[in-house]
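Numbering (this note's numbering), first residue to last: 844 to 964.
This is the structure in structure tokens:
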């Protein structure tokens, strides 16, 4: 597997409104999605920061900690490599209109993600 960069960070928080306001008003990130319980902010390099309310269906794997996403060219192939190395895949392969991702638990016990999509790298 070849990782091409860190391109995604997701966090689930009980302080959803304050956190989204912080990223928008203090950090100065551009909001690309602003829905009840879910917000996404795009950085100039096309990386994303996503914020989830605890009851959001997107927050199910976050366990109260931020999760980072590693950019790979082929998520199914990278998932197979992780599984072959004995790494726990968490949930199923997720596919949206533009993105594909898979969560996994590293030996440190933390959750991470491999992802592909229209990121500029």
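Just so it is clear, CB atoms sit at the ideal spot from N, CA and C, and this is done for glycine as well. Just so you know, these numbers come straight off a predicted model, no measurement behind them.
Proximity test, Cβ basis, 9 Å: residue i and chain C
i	result
residue 847	The structure shown contains no chain C, having only a single protein chain.
Contacting residues, own chain, Cβ-Cβ under 8 Å from residue i (five flanking each side not counted)
i	result
residue 947	922, 925, 930, 931, 932, 933, 954, 955, 956 and 957
residue 845	915 and 916
Whole-number beta carbon distance between residue j and residue i, since they are thought to touch under 8 Å
i	j	result
residue 936	residue 847	Not a contact, Cβ separation roughly 19 Å.
residue 854	residue 894	6 Å
residue 890	residue 851	7 Å
residue 959	residue 892	Actually they do not touch by this definition, with Cβ atoms about 18 Å apart.
residue 859	residue 896	4 Å
Pick from the options that is closest to residue i, judged by C-alpha positions
i	options	result
residue 900	878, 866 and 885	878
residue 944	950, 961, 951 and 952	961
residue 882	906, 919, 864 and 927	864
residue 880	869, 898 and 873	898
residue 871	849, 884, 908 and 920	884
Local conformation of residue i per DSSP, three classes
i	result
residue 855	strand
residue 883	strand
residue 876	strand
residue 869	helix
residue 948	strand
Residues of its chain near residue i, where Cβ-Cβ distance is below 6 Å and the 5 sequence neighbours each way are ignored
i	result
residue 949	955
residue 941	960 and 961
7 Å Cβ shell around residue i - same chain, five flanking residues per side excluded
i	result
residue 951	none
*Could you give the uninterrupted runs of the beta strand (DSSP E) lying entirely in the stretch 899–936, keeping only those of 3 residues or more?*
910–914
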